[in-house]
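Q: Under this note's numbering, the first residue of the sequence shown is numbered 116, with each subsequent residue one higher.
Ideal placement from N, C-alpha and C gives every residue a C-beta, glycine not left out.
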Amino acid sequence: MAMGKEIMGQTMVEALCWSSQPNRFWFKRQRTVSMLPPFSELKTMLQLPSPLSQPPSSTKLDECSKRRLASNPLNVTLTIAGTVALKNSEITDHKEMMMMAVMHQHFDNFNNAVRERGIVLQLVSTEIDPRTMETKLSNPVELKLPKHFKMGAIRSTFELEFEIDSDFGLPGAITVTNKYDREIFVEGFCLEGFVDIVCNSWVQPEKIHPEERIFFSNKAYLPCHTPAGLKELRKEELRLLRGNGKGVRKGCERVYDYDVYNDLGNPEKGRENVRPILGGTTEYPSPRRCRTGRPPATTDKKCESRVNSSVETYVPRDEVFEGMRKKTLDEEKLKGTTRNLIPFVRSCMSKCGDFKQLSDVQQIYKRKQVDKMKPEKGTTTPWSLLTNTSRIKNDVEDYFKFNTPPIINGASDCCIRDEELGRQALAGINPLSIERLEVFPPVSDLDPSIYGAQKSALKEEHIRSHLDGMSVEQAMAEKKLFILDYHDAYLPFLNGMNSQEDRKAYATRTIFYLTPLGTLKPIAIELSLSEGESSKQVLTPPLDATSHWLWQIAKAHVCSNDAGVHQLVHHWLRTHACMEPFIIATHRQLSVMHPIFKLLKPHLKHTLQINALAREALINEGGIIESVFSPGKYSIEIISAAYKDWRFDMEALPADLIRRGVAEPDPTQPHGLRLLIEDYPYANDGLLIWFALENLVRTYVNYYYPDGNMVRSDNELQDWYSEIINVGHADHANASWWSTLSTPSHLTSILTTFIWVVSVQHSAVNFGQYPLAGYVPMRSPHMKKLLPQVGNPEECKEIMEDPEGYFLSCLPNLFESTMFLAVINILSHHSPDEEYLGQRKDLSEWAADPEIIQAFYKFSMDLKRVEKEIEKRNKDPKRRNRCGAGIPPYDLLMASSRPGVTGRGVPNSITI
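1) For L644, which residues in the same chain have their Cβ closer than 7 Å to its Cβ, ignoring the five residues on either side in sequence?
2) Out of V842, P520, N849, which has the shortest C-alpha to C-alpha gap to R403?
3) Measure the alpha-carbon distance for T192 versus T198 and round it to whole angstroms.
4) Which ranges does the alpha helix (DSSP H) cover as unbroken runs of at least 4 residues, wholly within the stretch 689-745, from first to last along the chain?
5) Run the CB neighbour count on G537, radius 10 Å, all protein chains shown included, and call it buried at 16 or more, exposed below.
6) Ordered along the chain, which non-local residues of its own chain (more than five positions away) have a Cβ less than 7 Å from that of P903?
7) Does the distance from the C-beta atom of E333 to that of V313 stay below 7 Å?
8) Please state if the CB of E960 and the CB of K713 are separated by a distance shorter than 7 Å.
9) Out of curiosity, what's the CA-to-CA distance linking V653 and R624?
10) Pick out whichever of G823, R354, E276 has its Cα sitting closest to the Cα of S857.
11) Quick one, which of P886, I392, R406, T933 has its alpha-carbon nearest L356's?
12) Apply the 10 Å Cβ neighbour rule to S874 and answer buried if 16 or more other Cβ atoms are within range, or exposed otherwise.
13) Can you give me the start and stop residues for the alpha helix (DSSP H) that W805 sits inside?
14) Start and end of the beta strand (DSSP E) containing C911?
15) Which residue comes first and which comes last in the alpha helix (DSSP H) that contains P965?
16) Tell me where the beta strand (DSSP E) around Q652 begins and ends.
17) Going straight from the alpha carbon of T126 to that of Y972, what length do you get?
18) Specify the secondary structure class of E278 as computed by DSSP and reduced to three states.
19) Considering only the beta carbon of each residue, do P556 and S580 sit closer than 7 Å?
20) May I ask you to list the residues that DSSP assigns as paired with G197?
21) Ordered along the chain, which non-local residues of its own chain (more than five positions away) have a Cβ less than 7 Å from that of A305?
22) Suppose only complete runs of 4+ residues qualify. What are the alpha helix (DSSP H) ranges in the stretch 587-667, listed by chain order?
23) Taking the straight line between their C-alpha atoms, what separation do you get for T1017 and D677?
24) Give the DSSP-derived three-state secondary structure of W317 in the structure shown.
25) Kindly identify the DSSP beta-bridge partner or partners of V301.
26) Once you ignore the five residues that flank E321 on each side, which residues in its own chain have a CB closer than 8 Å to its CB?
27) Check whether the Cβ atoms of S401 and Y376 lie closer than 7 Å to each other.
28) With DSSP run on the structure shown, which of helix, strand or coil describes D311?
29) Return the first residue and the last residue of the beta strand (DSSP E) that A1010 is part of.
30) Look at the alpha carbon of G395 and the alpha carbon of N849, and state the distance between them as a whole number of angstroms.
31) Would T814 and A1010 be called neighbours here (beta carbons separated by less than 7 Å)?
32) Compare the C-alpha of K983 against each of G999, L1008, A962, R995 and name the closest.
33) Taking the alpha-carbon positions, what's the T630 to S924 distance?
34) On the CB-based measure, 16 or more other CB atoms within 10 Å of its CB, does Q169 come out buried or exposed?
35) Name the two residues that bound the continuous beta strand (DSSP E) containing T290.
36) Starting from the Cα of Y601, find the closest Cα among E588, M585, E641, E576 and give me that residue.
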């Protein structure tokens, strides 16, 4: 215990920011009320297990312990003192609050008249009774909740006393039965100050779920090391979490199961609202989602009925947002609604809500605040009155106007500059698409029997003059040419996309030249339609005023393509959807006692709830994605098409960089990789975090799995990986690229990649959305016009007379823009209760494993050093992609952040 005290005390944990929020429940040591020896001595007598995850039954008593046992009679009843922390569900609805107050006026009388209620708790030993071969149990203890808790107190701590036999052994779990009519949140238990059981789970009333809830102690056990007294409970808990795959899931349940994406359309509204079912077919492959079991639609039995006012989207109860996170999200939704109110009214009153001039765009954002002027204290002056008035005005403005995104930085140009287009490919919100150009002209992978011969219109004469005297072959040989290639991603869907109202798009290719300064310069843009080679056109940097504006519109189409692929593929598919099966399988196949579950636990948090909300309002038929982005109703088909090329092994950062040709293996480099673009902020910073994370995971895995036999013989681990492949990603189950899981190295790679994607990669493509994409003219989510046609006199006249006005008329209108900004502002927001990479609230689970504590300590310190290195890089004038006049620093991979929209911060999991 001295070692545990030293490890888990104030000395290390608090200094590392591992401590949790101020309202975190810290168990206090309780003294025993028994007349027998103190529990600190009794622990030795009760055959404590080895700290190295060995079963208690294999632990031998030392001579001192034998003497103490001999001096105490058998079957003596001992008393163990402990504490439990409980929490009520927070009532935010005023009507419900009043109803609860009326109901509780007669609560005690009702109990006395009908039946006594309480919470029944019982300790479970790690040992079995050798006579009955059943698990040893303490006496049941019934906790009666006081009136203040039943009346809605948020959180309370209660003292408990359990009676056990002297040969009980070490408590390994506790069962809980809730006999009240309302769910209760159990934060955790502490027994005698040395056995902690962290729960953080809702316990439903017995009449809803008659099964006892099982909470295991914090100690990690591999399946083969599970104490005899806990083996059956371990299996039973997993069985309950898996469910039976039948029926409608209820909000109070905690069942994790799989289903296809058959809930995105709404066939009951008509044929226009039908969407393909994603998953289970070769035409529309997809990862699986969390099953809800909602009834089928009346008009199409293959589709799940939509969510409505009486039917909510199911997620397991413990995945639902609570407290501060829910409050923050609701507040930001309210702001988003009010900020759209005036644009909506204007769009209803006017046929056209297009921007007429740049000042129309700037009115969306807040003006400079004058409340920074500080009059002298105690004085009332016109200035102080002005300040007070301004503060009120600013408070009101906060609900009706958007913050100015940093990307503008005082230079709100109408169009994106050439150098900014190249910089954003490396340090923007989508740094995952840029690739090295290895074949010129670029070649399409689309099936020519379906889409025809897709020969590129790009020729050497288009770009030769921009290569500093080199030929195209020389430039490619020196690895100076790069490309954003969205041709194949969009072309199969262009006819449908362009048939939608106010939607016009090309399938674009953009060629970049790596300048001697280390920046990317766009030197050619190919715009393709789907009618054949004659519909392709190439634009190059302008030579006159007319070609200048055509070039600007072409770049806007590139940005629109990029915005769609970023949101649909790199953000939703690769981080949210493809990681959901890993989360479901972890809950279904790995016991909470499993060391791998304990490692992954903070990286699973809130993602199922976020993905459910996305299916309900973002990627569904008529949702935000369809309403705002160019693909419209074809969005989910683009997602499915991209999933055909998805590979989990390529999600590892080094593998992804090599695959895209932007890095090469080089053993002389610090991380074994040489970046071909030296100033590539996402890759530069990402590699520092990747290898720090990999070192942590390798240390952790090797601690529990010293050899491959232990990996191969771990049935829970093997079932977990098998289910991910064969159920969660069933449409890729036969892919040859899945690695085996037979060595600690394999496991390290799989876990590192998963944690990387849900933490760092998600942060890189999410939390910069508003700061880096919140100015619509520079990154429009969709375009309404193609380039003006030479044979169309009206279009040519319009762009010649008012080129800026023509450009703005190609962009989303006022209401579409504010709706887009409201959504990405919410998505870029950090909750006050966010837990960031390098922070953990559950270190007590490794109190007996100082090597693990030290590994987390080292990882936390590594991330602090990474932050300092990022700060240093952001001030280096040689790094022109992250430092310079008007260039925002690249902070997205800074692990820590304050709440709000900050453009930095790497949460442990996908929480928004």
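A: According to the data block:
1) Correct list, in chain order: L609, Y621, S650.
2) Nearest option by C-alpha distance: V842.
3) The alpha-carbon atoms of T192 and T198 are separated by roughly 20 Å.
4) 695-704, 710-715, 722-732, 739-743, all fully within the stretch 689-745.
5) Answer is buried; the Cβ neighbour count reaches 16.
6) Contacts found: E910, C911, I914.
7) Glu is not the amino acid found at residue 333; the sequence shown has Asn there. Taking 7 Å as the cut-off, the beta carbon of N333 is found closer than this to the beta carbon of V313.
8) For K713 and E960, yes; Cβs fall inside 7 Å.
9) A straight-line Cα-Cα distance of about 9 Å links V653 and R624.
10) Distance check between S857 and each of G823, R354, E276 places G823 closest, using alpha-carbon atoms only.
11) Taking the Cα of L356 as reference, the smallest distance to any Cα among P886, I392, R406, T933 is reached at R406.
12) Classification for S874: buried.
13) W805 -> alpha helix (DSSP H) spans 796-819.
14) That residue, C911, is in no beta strand (DSSP E); its alpha helix (DSSP H) goes 908-916.
15) Unbroken alpha helix (DSSP H) run through P965: 965-989.
16) Unbroken beta strand (DSSP E) run through Q652: 652-654.
17) Bear in mind that a pLDDT of 36 at T126, under 50, signals an unreliable position, so the number given afterwards is only what the model happens to contain. Looking at the two C-alpha atoms, the distance is approximately 12 Å.
18) In the structure shown, E278 sits in a strand (DSSP, three-state: E or B).
19) In terms of Cβ geometry, P556 and S580 do not form a close pair [threshold 7 Å].
20) Answer by DSSP bridge pairing, in chain order: L275, L306.
21) According to the sequence displayed, residue 305 carries Cys and not Ala. Within the same chain, Cβ atoms closer than 7 Å to the Cβ of C305 are found at F142, G197, T198, D311, the five residues on either side in sequence being excluded.
22) DSSP runs (the alpha helix (DSSP H)) wholly in the stretch 587-667: 587-592, 602-605, 609-613.
23) Each residue's Cα considered, the two are about 23 Å apart.
24) Here W317 sits in strand by DSSP.
25) Per DSSP, L201, S316.
26) Excluding sequence neighbours, E321 sits near T292, N293, K294.
27) Less than 7 Å separates the beta-carbon of S401 from that of Y376.
28) Note: D311 maps to strand in three-state DSSP.
29) For A1010, no beta strand (DSSP E) run applies, since DSSP gives it neither H nor E.
30) Those two C-alpha atoms are separated by around 13 Å.
31) Against a cut-off of 7 Å, the Cβ pair of A1010 and T814 comes out as no contact.
32) Residue L1008 is the option with its Cα nearest to K983.
33) As the crow flies, the alpha-carbon of T630 is around 33 Å from that of S924.
34) Any reading at Q169 needs caution, since the residue's pLDDT is 35, under 50, leaving its predicted position unreliable; the model's value is listed next. Label assigned to Q169: exposed.
35) 286-293 is the extent of the beta strand (DSSP E) around T290.
36) Minimum Cα distance to Y601 is reached at E641.
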